[in-house]
Amino acid sequence: MERNRTQRARRIRGTLLALTAAGSLLLTACAAGGTEDHTNSADKHGLPAPAPGRHDRGDAKGFETAPSDDHLSTFALDVDTASYTYARRTLADGRTPDPSTVRPEEFVNSFRQDYRRPDGNGFSVTVDGARTAGPDWSLVRVGLATRAAEPTQKRPPAALTFVVDVSGSMDEPGRLDLAKQSLDTMTDRLRDDDSVAVVTFSEHAETVLPMTRLGSHRGEVHDAIDGLEAQSSTNLGAGVETGYATAVEGLRKGATNRVVLVSDALANEGETSPDAILRRIDTARREHGITLFGVGVGSNYGDALMERLADKGDGHTAYVSDTDGAREVFCEQLPQNIELTARDAKAQVAFDPDTVAEFRLVGYDDRKVADDDFRDDRVDGGEVGPGHTVTALYAVRTKPGADGHLATATVRWLDPTTRAPHEETGALETGALKDSVWEASPRFQVTAVAAYFADALRAGGTDHGPALPGAPGLTRLAARAATLADVTEDQDVQALADAIREAHDTDTGD
0 MERNRTQRAR RIRGTLLALT AAGSLLLTAC AAGGTEDHTN SADKHGLPAP APGRHDRGDA
60 KGFETAPSDD HLSTFALDVD TASYTYARRT LADGRTPDPS TVRPEEFVNS FRQDYRRPDG
120 NGFSVTVDGA RTAGPDWSLV RVGLATRAAE PTQKRPPAAL TFVVDVSGSM DEPGRLDLAK
180 QSLDTMTDRL RDDDSVAVVT FSEHAETVLP MTRLGSHRGE VHDAIDGLEA QSSTNLGAGV
240 ETGYATAVEG LRKGATNRVV LVSDALANEG ETSPDAILRR IDTARREHGI TLFGVGVGSN
300 YGDALMERLA DKGDGHTAYV SDTDGAREVF CEQLPQNIEL TARDAKAQVA FDPDTVAEFR
360 LVGYDDRKVA DDDFRDDRVD GGEVGPGHTV TALYAVRTKP GADGHLATAT VRWLDPTTRA
420 PHEETGALET GALKDSVWEA SPRFQVTAVA AYFADALRAG GTDHGPALPG APGLTRLAAR
480 AATLADVTED QDVQALADAI REAHDTDTGD
């Protein structure tokens, strides 16, 4: 029996190697050529890029746990941050986030990273790791980065359709008023050759302003925005459908055509199923390449609906609760999500069966892709723009005394214009693992803290047993974050330390 398992593992590894060898919303003053296709290339360690295998669903903790005969992990890339920002808002209000709204990958991807940038379009791949206090357990970080964003004047023109929720629930301070302020600011900073359309929805949807080239027409855009007033119920489905119809009618060739949905996503009228809404806009989305950016607002927020729309609508989500947050989204995040450098981007990580006993992917529950579909370019992936980093963190248990190659990570994407496929690969050896998470680079430590924090929130607090190896309690985690904030001089890391302290206080009732 044992010999059969050993022979089976060897056959799988041999098959793996053989198969693989064969196979700016605000584009403003807010404030680098194509990549070679590496589909059939070997990495620097002589191992080819991972090949398709069998896929296993994650467990209830949000981890993918691989059995001994499956050493592949495949997922669509995701650069959303709404889950983390909404959790911070909830904690600041003295409430504990619903565990179902905590998506660990969005916590991890909310912070700057130290990955090198590629020279042209596409991605660089960085793989590093560090050992934890758990026996034979390590945290392994797979980091992907796109080129830096071009200056505003060099980007293609944009055709943006703003779909704004004007339902009664948007009358709460920090919702419609914040949206109007942000859209006014954006209008002043867009280029003259950009175009804007405005659609509103409440009980019904209405095109308030058809696609309008800015130039000397900024006043018309301001008038349309300033005239927005909260009304009655929320027919979000009608708003999205009308928004895409308006975007198609005003479609500009050679421009970035995008729908930007601003809403609390509390749909209560008409079509409320995200899948049904997506079916209604499928032609516009696929045939015309119109992508979606969802901006969530409000203390009560339909997180699941907005996240599903963005993930399956070739887009991204962000969440804003105040003026500072709105400035970050409209001046930093949205410019990175207007221009695309990669479509249908997926990652696949192959863990070496000779050294790895098991692994767990942190988050990406809704972005899992069957291993066999990694190189099937008809299968939906993630859309990524310039200036982005994407991080996937794994908990990895190595076999006792194992030494040598640990993992190979490959990212595959389509050129946004030609749809030609490209790949890039990186790898990690066991000898490159740091002796401790807390001896790794500061940015690696920030990644670990964010993941440990999300894990604690998902588990409902420190008394329920963390799933990540080597997890400190919230008190120690907050202290680690505070130290890292000083080391990195990063206000975002300080905000993370504050959120962890608030979670501790909320959990203990202090």
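Residue numbers for the sequence shown, in numbering that gives the first Met the number 0: 0 to 509. Cβ coordinates follow ideal geometry from the N, Cα and C atoms, glycine included.
Residue i and residue j closer than 7 Å at C-beta
i, j, result
"Ala-104", "Gly-362", "Checking the displayed sequence, the identity of residue 104 turns out to be Glu instead of Ala. Taking 7 Å as the Cβ cut-off, Glu-104 and Gly-362 qualify as a contacting pair."
"Leu-90", "Ala-502", "yes"
"Thr-233", "Glu-205", "no"
"Ala-309", "Gly-293", "yes"
"Arg-396", "Ala-356", "yes"
"Leu-143", "Val-368", "no"
"Thr-255", "Ile-337", "yes"
"Ala-178", "Gly-381", "no"
"Arg-116", "Ala-147", "yes"
"Arg-257", "Asp-77", "no"
"Asp-364", "Thr-100", "no"
"Ala-394", "Arg-251", "no"
"Ser-201", "Ser-166", "yes"
Supposed close pair residue i, residue j - CB separation, criterion 8 Å
i, j, result
"Arg-107", "Ala-406", "Position check: residue 107 holds Val in this sequence, whereas Arg was assumed. 17 Å between Cβ atoms; not a contact."
"Thr-316", "Ala-81", "4 Å"
"Lys-433", "Ala-132", "So it is not a contact: roughly 13 Å between Cβ atoms."
"Arg-88", "Ser-320", "4 Å"
"Ala-450", "Leu-413", "Ala-450 to Leu-413, Cβ: 29 Å. No contact."
"Leu-265", "Ser-168", "5 Å"
"Thr-145", "Thr-340", "5 Å"
"Asp-353", "Ala-401", "7 Å"
"Val-162", "Val-239", "6 Å"
"Leu-456", "Ala-86", "7 Å"
"Pro-156", "Arg-190", "7 Å"
"Asp-379", "Asp-343", "6 Å"
"Pro-209", "Thr-241", "Not really, about 12 Å apart at Cβ, beyond 8 Å."
"Asp-127", "Ala-431", "7 Å"
"Asp-92", "Ser-298", "6 Å"
"Val-259", "Thr-160", "7 Å"
Identified DSSP bridge partners for residue i
i, result
"Ala-157", "Thr-255"
"His-421", "Trp-412"
"Phe-292", "Val-259, His-315"
"His-503", "Paired residues: none, contrary to the question."
"Ser-194", "Ala-158, Arg-212"
"Lys-367", "Phe-74"
"Tyr-393", "Val-139, Leu-360"
"Phe-350", "Ala-406"
"Glu-428", "His-404"
"Phe-200", "Asp-164, Ala-204"
"Val-124", "Leu-143"
"Val-355", "Thr-397"
"Arg-130", "Ser-137"
"Ala-341", "Val-383"
Same chain, Cβ closer than 8 Å to residue i, five either side skipped, listed in chain order
i, result
"Asp-491", "Ser-109, Phe-110, Arg-111"
"Pro-399", "Asp-135"
"His-44", "Residue placement at His-44 is poorly supported in this model, since its pLDDT is 38, which falls under 50; the coordinates are not used for a value here."
"Thr-34", "Note that Thr-34 scores 39 on pLDDT, short of 50, meaning its location in the model is unreliable and no value can be drawn from it."
"Lys-311", "Pro-273, Asp-274, Leu-277, Asp-379"
Cβ shell of residue i (< 7 Å), same chain only, five flanking positions each side left out
i, result
"Ile-499", "Phe-452, Leu-473, Leu-476, Ala-477, Ala-480"
"Asp-504", "none"
"Phe-373", "Pro-51, Thr-73, Lys-345, Gln-347, Arg-411"
"Ser-272", "none"
"Ser-435", "Ala-129, Arg-130"
"Asp-376", "Asp-343, Leu-413, Pro-420"
Nonlocal neighbours in the same chain, by C-beta distance under 6 Å from residue i, ignoring five residues either side
i, result
"Gly-207", "Looking at the sequence shown, residue 207 is not Gly but Val. Only Val-197, Thr-199, Ala-223 meet the Cβ criterion."
"Glu-270", "Gly-236, Ile-276"
"Ala-470", "Tyr-451"
"Ala-496", "Ala-477, Ala-480, Ala-481, Ala-484"
"Arg-102", "Ser-82, Gly-362"
"Gln-332", "Ala-317"
"Arg-307", "Pro-273"
"Asp-192", "Pro-156"
"Asp-79", "Glu-105, His-315, Thr-316"
Residue i at chain D interface by Cβ criterion, 7 Å
i, result
"Gln-180", "No chain D is part of this structure, which consists of one protein chain only."
_Touch test, the region 131–145 against the region 221–240, Cβ-Cβ under 8 Å, three pairs minimum_ = Touching, no.
*Say whether the region 108–122 touches the region 441–449, bearing in mind that this needs 3 or more beta-carbon pairs closer than 8 Å, one atom from each stretch.*
Taking one beta carbon from each stretch, the region 108–122 and the region 441–449 have 3 or more pairs nearer than 8 Å; the two touch.
_Touching by the beta-carbon criterion (3+ pairs, under 8 Å), the region 213–225 and the region 167–176_ = As far as the Cβ criterion goes, the region 213–225 does not touch the region 167–176, which means the pair count is below three.
*Evaluate contact between the region 176–195 and the region 419–438, counting only Cβ atoms and requiring at least three cross-stretch pairs below 8 Å.*
At 8 Å Cβ cutoff, the stretches do not touch.
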